[in-house]
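Going by UniProt numbering, 180 is the number at position 180 of the sequence shown; the sequence numbering is gapless.
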Amino acid sequence: MPRTAVIDFETTGLSPTQGDRATEVAIVLMEGDRVVDRFQSLMNAGVRIPPFIEAYTGISNAMVAGAPRAEAVMAEAARFVGDTPLVAHNASFDRRFWQSELARAGCQARQPFACTLLLSRRLYPQAPSHKLGSLAAFHALPSSGRAHRALADAEVAAALLAQIRHDLRRQYGMAECRHELLVQVQGAPRKSLPAVVERYRQAG
1 MPRTAVIDFE TTGLSPTQGD RATEVAIVLM EGDRVVDRFQ SLMNAGVRIP
51 PFIEAYTGIS NAMVAGAPRA EAVMAEAARF VGDTPLVAHN ASFDRRFWQS
101 ELARAGCQAR QPFACTLLLS RRLYPQAPSH KLGSLAAFHA LPSSGRAHRA
151 LADAEVAAAL LAQIRHDLRR QYGMAECRHE LLVQVQGAPR KSLPAVVERY
201 RQAG
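What follows is the structure, given as structure tokens:
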């Protein structure tokens, strides 16, 4: 059964190139559509969290002051993930922090990312919004905690990924929906999806 790691970061801002750092990371490990393991940790990156971010995430400066150093957390996260392909909601955001924080820890980021936001835009154009919380409500997915905390958001993104895989299999009569197909689907125009899936099927 193919493995996938669904990741979510909470951070001090939007971009590591502007000096923003991660404050929390969570990873949900899946085998097929089943969750088999979890990793979660706050991290102390040595920077202050702005008040509006504290209010948004519920993660305070006091909380991260006693957390493990970011480099140690990221080294452990890298070991947890190994070579497993990654998935995130709005993956361009999480990929930037994954790469930046791993580089600070002296680790390499090699995994390809699939994005449940891009996939949902292709598969569910009728959804009123493609934010994670809105898609969770649209699909009646279970909630496991406060939004904008890493593990709760990673759990919801994992449930959304399972829904996406289920719908792709059902719509296109596929026995399996691997990470490689997700990456191809998320980069294709919506009207091209049948051709993309057929090329993938023939190549396999």
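Where is the CB? At the ideal position from N, CA and C, for every residue including glycine.
Rounded separation between residue i and residue j - CA only
| i | j | result |
| --- | --- | --- |
| Glu180 | Arg3 | 12 Å |
| Ala109 | Phe93 | 14 Å |
| Pro189 | Trp98 | 27 Å |
| Ser15 | His89 | 16 Å |
| Thr84 | Leu132 | 23 Å |
| Ala103 | Ala114 | 21 Å |
| His148 | Val81 | 22 Å |
| Met63 | Leu42 | 8 Å |
| Glu10 | Gly187 | 26 Å |
| Asn61 | His130 | 30 Å |
| Leu193 | Val185 | 6 Å |
| Ile53 | Leu29 | 27 Å |
| Ile49 | Ala55 | 10 Å |
| Arg146 | Pro51 | 18 Å |
| Gln126 | Pro68 | 43 Å |
| Ala72 | Arg95 | 19 Å |
| Phe138 | Glu198 | 28 Å |
| residue 217 | Tyr172 | Nothing can be reported for residue 217, as the shown portion of the chain is limited to 1 through 204. |
| Lys191 | Arg122 | 9 Å |
| Ile59 | Leu117 | 24 Å |
| Val35 | Leu161 | 11 Å |
| Met174 | Leu135 | 23 Å |
| Leu168 | Tyr124 | 11 Å |
| Arg170 | Gln163 | 10 Å |
| Gln202 | Ala105 | 41 Å |
Residue span of the alpha helix (DSSP H) that contains residue i, given as start and end
| i | result |
| --- | --- |
| Ala114 | Run containing Ala114: none in the alpha helix (DSSP H); it sits in the beta strand (DSSP E), Phe113 to Cys115. |
| Thr57 | Pro51 to Thr57 |
| Ser41 | No alpha helix (DSSP H) contains Ser41, which is instead part of the beta strand (DSSP E) from Arg34 to Leu42. |
| Val196 | Leu193 to Ala203 |
| Val87 | First-last for Val87: Leu86 to Ala88, but that is the beta strand (DSSP E), not the alpha helix (DSSP H). |
| Val185 | His179 to Gln186 |
| Ser134 | Leu132 to His139 |
Residue i in three-state terms, based on DSSP
| i | result |
| --- | --- |
| Asp94 | helix |
| Arg79 | helix |
| Met63 | helix |
| Ala154 | helix |
| Thr11 | strand |
| Ala72 | helix |
| Arg149 | coil |
| Arg110 | coil |
| Ala5 | strand |
| Gln163 | helix |
| Ala103 | helix |
Expected contact under 8 Å - CB spacing of residue i and residue j to nearest Å
| i | j | result |
| --- | --- | --- |
| Ala26 | Asp8 | 5 Å |
| Thr17 | Val47 | In fact, because the Cβ distance is near 14 Å, the residues do not count as touching under 8 Å. |
| Arg165 | Asp37 | With a Cβ gap of about 18 Å, Arg165 and Asp37 do not count as contacting. |
Beta-carbon gap between residue i and residue j smaller than 8 Å
| i | j | result |
| --- | --- | --- |
| Ala78 | Asn44 | no |
| Leu182 | Ala159 | no |
| Ala157 | Val6 | yes |
| Ala75 | Cys107 | yes |
Boundaries of the beta strand (DSSP E) in which residue i is found, first to last residue
| i | result |
| --- | --- |
| Glu31 | Ala22 to Glu31 |
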